[in-house]
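K.L.:
Numbering-wise (full-length UniProt numbering), the sequence shown opens with residue 1 and increments by one.
We put the CB at the ideal spot given by N, CA and C, even for glycine.
Starting off with a structure, shown below.
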Amino acid sequence: MLNKFGIDACKLLYTDTDSLTYEIKYEDAYQEVIVNEIARFDTSDYAPDNPYYLQRVNKKVIGLMKDENAGRPMTHFIGLQSKQYTFQVQKTDRETKCFKKAKGIKSNVVKNKITFDDYLDCLKTKYLSKAHTLYSMKQIKIVLNSHDDKRYLLQDASHTTLPWGHYSIVAVDD
1 MLNKFGIDAC KLLYTDTDSL TYEIKYEDAY QEVIVNEIAR FDTSDYAPDN PYYLQRVNKK
61 VIGLMKDENA GRPMTHFIGL QSKQYTFQVQ KTDRETKCFK KAKGIKSNVV KNKITFDDYL
121 DCLKTKYLSK AHTLYSMKQI KIVLNSHDDK RYLLQDASHT TLPWGHYSIV AVDD
C-alpha cells in the first residue's frame, strides 16, 4: 500500500490476527486497489450492480484479501485497543451503518446500549490524578476504555501509537 499511495496518503489504523484497516487519502482508492488488483481479492459479497462493475469472484479462496464492506467506503473509524473498535460504513448517499466490537461484552449490550459517540467520548476523555491524590469511586464494569497497555500513544494529538519497545519511543520522549 505504501508503494502504491505513499506515506502521506496511506495510514495503517488497526491490525488484528487476520485483518487490516487502512486510511487511504486518494480520490478513488477502490478503483486503484480492488479493480486493478482483482486477482488478489475475494469480491463474492459485492452487490451484482456494484459501482465498479466488479465480477463476484474468488469466494472463500484462502490467502486472498476481502473487503468486508463490499465496496462501501468506511467514513469513520475509532480503535480504542485490541478487539475494541467501531466504524461507520456508507450504505447510501444519506445513510451510514455502524459496526461495533467490544471483546468480553455481550453482543446485545454492544448492539443496543453502546453508541458510536460512546467510543468517541472514551477516546477524547482523559482522566488525571491531581497532586498525587487518589480518588475512589463506585464503579460498574468498564465496557469501553481508551487506555491501551500494549501501545505507546504519541503526544502529538494524532492518536498515533507505537508498540512498547519501539526504537523511537525514547527519542520521542526527549
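1. What are the boundary residues of the alpha helix (DSSP H) that includes residue 121?
2. So, under 8 Å CB-CB, residue 118 and residue 144 are touching, yes? Tell me the CB distance rounded to an integer number of Å.
3. Quick one: grab the DSSP three-state call for residue 37.
4. Would you say residue 103 and residue 83 are within 8 Å of each other, going by their C-beta atoms?
5. Would the beta-carbon of residue 12 fall within 8 Å of that of residue 42?
6. Give every residue of the same chain whose Cβ lies closer than 8 Å to the Cβ of residue 79, excluding the five residues on either side of it in the sequence, and list them in chain order.
7. Which residues in the same chain have their Cβ closer than 8 Å to the Cβ of residue 159, if we skip the five residues on either side of it in sequence?
8. What residue ranges within the stretch 24-98 form continuous beta strand (DSSP E) runs of no fewer than 3 residues, ordered along the chain?
9. Please state if the CB of residue 53 and the CB of residue 34 are separated by a distance shorter than 8 Å.
10. Could you pull the start and end residues of the alpha helix (DSSP H) that residue 4 belongs to?
11. Taking DSSP as the reference, what is the three-state secondary structure of residue 107?
12. Below 8 Å between beta carbons: does that hold for residue 75 and residue 90?
13. Determine the burial state of residue 40: buried for a count of at least 16 other Cβ atoms within 10 Å of its Cβ, exposed for fewer.
14. DSSP beta-bridge partners for residue 146?
15. Measure the Cβ-Cβ separation of residue 26 and residue 9 and say whether it is below 8 Å.
16. Exposed or buried, residue 100, counting other C-beta atoms within 10 Å across all chains shown (16 or more means buried)?
P.N.:
Result, derived from the coordinates:
1. 116-124
2. 6 Å
3. coil
4. yes
5. no
6. 13, 14, 21, 85
7. 123, 153
8. 74-81, 84-90
9. no
10. 2-5
11. helix
12. yes
13. exposed
14. Paired residue(s): none; residue 146 is not in a bridge.
15. yes
16. buried
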